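Structure record follows, encoded as structure tokens.
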Amino acid sequence: MSPAPPGSTPATASARPGATLAVTAAATALVTVAYTAPTASLAATAQAAHLGASGRTWILTGTLVGISALLLTAGSAADDHGRKRVFTFGVLLFAAAEALAALAPGGAVFLAARVLLGVASAAVLAPALGLISHAHPAGPERIRALGIWGAAVGLGIAVGPVYGALVEQWAGWRAVNGGLAVVSAAVAACAAAGLTESRAERPRALDPYGVLTLTTGTSLLIAGLAEGRSGWGRPVVVALLVGGVLLLAAFALVEAKVREPMLDLALFRSPGFIAATGGALFTGLSLVGFMSYLPTLLQGVLGLSGLAAGGVLALWSGLSVLSALQARRLAAHLSATAQVALGLLICGLGEGGLYGLTPGSGWLRLAPGLAVAGIGSGVLNAALARLAVSSVPAHRAAMGSGANNTSRYIGSALGVAITVAVAGSTRPTTPGSEAAAHALATGTDRAVLVAATLCLLGAALALAARTAESRTHPAPQPTPPTREPATTS
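Residue numbers 694 to 1182, in the working numbering, belong to the letters of the sequence shown in order.
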């Protein structure tokens, strides 16, 4: 085993790599199941919880606010005060939030539980890659483990809509949350028993102004994006968006001046870190955002039930699981940055294959594009997990994971807002009519083209980072053979 880098606690046999991977992958899958479960039964859940159109939007957005606002903070806290501690607390809080959602007496409490669920999800996701990298030394085993973690992301997305639609249909929306509460409580017990604590050798000082500006700025930005779906010119929307942007700019200023910043801005000089955060941002923008809203579009254009729409989406996410498990075979031939570029390119081609959907189409019309995009997604998830860890110092692995996931979820919020705006740009005079379905199909085609274009832009960014990376760290040249000096007798 290679020695641990300075500033981090060394991985030892007590780290229990198998148990660590199993627990972190299971918890990650739970997070994505909980986020995506309402997507295929959003209208039914909102109606049962007595929520209107705005409340329906906030079922998903509330979780996004909690996750995005606290991922980076949770990652820094995990590195400084214990990754197992933060992770286990996160899974316990996750169980409590799901229990609160299941028992909520009304819509307001249910939405508050969804925000709390996002906070808990941040505490789960941020330390996960740090725990995996501590338990698995750098090399093929770590690449394999990170590929399995990437597959867990796809597995949760595949299972979530189908689970949510099935359980809501059979037992009601409260059972959806109650079942997740029970499973997450069991995962929390496994985390307490099976994980080994790890942290940086020297904790950093608290960065309160960084925490405040990042948390508030991100929350305002995502809230503005959510409210903007009902009209971008409204004063409340403009105030939220402007406030969010100003506070995020203030966060950058704070991090540039504080002695021990939560996010070291010097990392943005690294092509690998740019590829990690930029790739995650474009993944959210072009892929997660669009696919999160695809079940709603399928119900509107093809008239599918929520369960059927979730099943169609599972073709994409299921193939991403298989692809992520095999992505380790690319590691010997492509750098993680090159894999990000390749994954985004394949996803863009797959999304382009979804163009041309009409009310008379069958769901099989989508199968080739979803299959190609699913393969690209798996390559992408595995590569982003590798970059999140390798692009930062070893003792800041959880912070790197937090930064990567923050970019992904902010991108997802932007992606959903863009998809809703573009898909709904053509409005018929009679909602619910055949004309409405054709208008939504036209809007869906536009959303497909925008998503595919964003994928290609992300691939171009990753390729530029790969070029800069090769200039910074050129491949070693073979050493010419030395000639033995001549001997004389």
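Idealized CB from N, CA, C, for every residue including glycine. This structure is a prediction, so every number in the text was calculated from the model and none was measured.
For residue i, three-class secondary structure by DSSP
i: Ala893; result: strand
i: Asp1138; result: helix
i: Thr908; result: helix
i: Arg709; result: coil
i: Ser1217; result: This structure leaves residue 1217 out entirely; the chain is present only between 694 and 1182.
i: Ala898; result: coil
i: Trp842; result: helix
i: Arg952; result: coil
i: Pro1121; result: Because Pro1121 carries a pLDDT of 49, less than 50, the predicted location of this residue cannot be relied on, and no value is offered for it.
i: Pro928; result: helix
i: Leu888; result: coil
i: Gly865; result: coil
i: Val1085; result: coil
Inter-residue spacing [alpha-carbon to alpha-carbon] between residue i and residue j
i: Leu934; j: Ala741; result: 31 Å
i: Thr989; j: Leu995; result: 10 Å
i: Thr1122; j: His1131; result: Unreliable positioning characterises Thr1122 in this predicted model, as indicated by a pLDDT of 46, which lies under 50. A coordinate reading is not provided.
i: Pro1171; j: His1026; result: Its pLDDT being 43, under 50, Pro1171 is placed unreliably in this model, and the value from its coordinates should be taken loosely. Approximately 18 Å, taken between the alpha carbons.
i: Leu1008; j: Val1115; result: 24 Å
i: Gly1049; j: Asp1138; result: 6 Å
i: Ala845; j: His743; result: 33 Å
i: Ala1161; j: Ala968; result: 10 Å
i: Val947; j: Met955; result: 10 Å
i: Ser1163; j: Ala1060; result: 37 Å
i: Pro830; j: Leu1147; result: 35 Å
i: Ala712; j: Ala885; result: 11 Å
i: Gln1032; j: Leu1023; result: 8 Å
i: Ser1013; j: Glu1127; result: 34 Å
i: Thr1135; j: Pro1086; result: 47 Å
i: Ala704; j: Ser877; result: The predicted position of Ala704 is uncertain, since its pLDDT is 46 and thus under 50; no value can be drawn from it.
i: Val930; j: Ala722; result: 33 Å
Same chain, Cβ closer than 8 Å to residue i, neighbours up to 5 away in sequence not counted
i: Gly865; result: Ala741
Contacting residues, own chain, Cβ-Cβ under 7 Å from residue i (five flanking each side not counted)
i: Ser734; result: Gly857, Ala858, Glu861, Gly999
i: Val724; result: Ser814, Val817, Leu818, Gly849
i: Ala1081; result: Leu822, Ala969, Gly1093, Ser1094, Asn1097
i: His774; result: Arg892, Pro896
i: Ser635; result: The structure shown has nothing for residue 635, since the chain only spans 694 to 1182.
i: Thr909; result: Leu940
i: Ala708; result: His827, Ala828, Thr889
Cutoff 6 Å; reference residue i; Cβ partners in own chain excluding five residues on either side
i: Tyr728; result: Thr756
i: Ala1152; result: Ala1034, Leu1037, Leu1038
i: Pro710; result: Ala828, His829
i: Gly936; result: Leu913
i: Arg835; result: His829
Minimum Cβ-Cβ distance from residue i to chain B less than 7 Å
i: Gly1067; result: The structure shown contains no chain B; it holds only a single protein chain.
- Pairing CB atoms from the segment 1095-1113 with CB atoms from the segment 1060-1076, are three or more of them under 8 Å? no
- Item | Whole beta strand (DSSP E) elements within the segment 738-792, 3-residue minimum | none
- Query: Are at least three pairs of beta-carbons, each pair with one atom in the segment 834-849 and one in the segment 1018-1034, less than 8 Å apart?
  - Reply: Contact between the segment 834-849 and the segment 1018-1034 is present, because at least three Cβ pairs lie under 8 Å.
- Cβ pair count under 8 Å reaching 3, the segment 1074-1092 against the segment 840-860: Between the segment 1074-1092 and the segment 840-860, the count of Cβ pairs shorter than 8 Å is three or higher; the stretches touch.
- Message: List, from N- to C-terminal side, the alpha helix (DSSP H) runs of 4 residues or more that fit wholly inside the segment 980-1066.
- Response: 982-995, 999-1019, 1029-1045
- Task: Taking 8 Å as the threshold, find out whether the segment 874-882 comes into contact with the segment 756-768 through three or more Cβ pairs.
- Result: no
- Message: In chain order, what are the residue ranges of uninterrupted alpha helix (DSSP H) at least 4 long that sit wholly in the segment 792-837?
- Response: 800-828
- Task: Taking 8 Å as the threshold, find out whether the segment 1110-1117 comes into contact with the segment 914-928 through three or more Cβ pairs.
- Result: yes
- Task: Determine contact between the segment 969-982 and the segment 1038-1045, defined as no fewer than three beta-carbon pairs at a distance below 8 Å.
- Result: Segments in contact, yes.
- Message: When you compare the segment 819-828 with the segment 710-719, are there three or more beta-carbon pairs, one atom per stretch, that lie closer than 8 Å?
- Response: Yes, the segment 819-828 is in contact with the segment 710-719.
- Inter-stretch contact at 8 Å, needing at least 3 Cβ pairs: the segment 892-904 / the segment 761-781: yes
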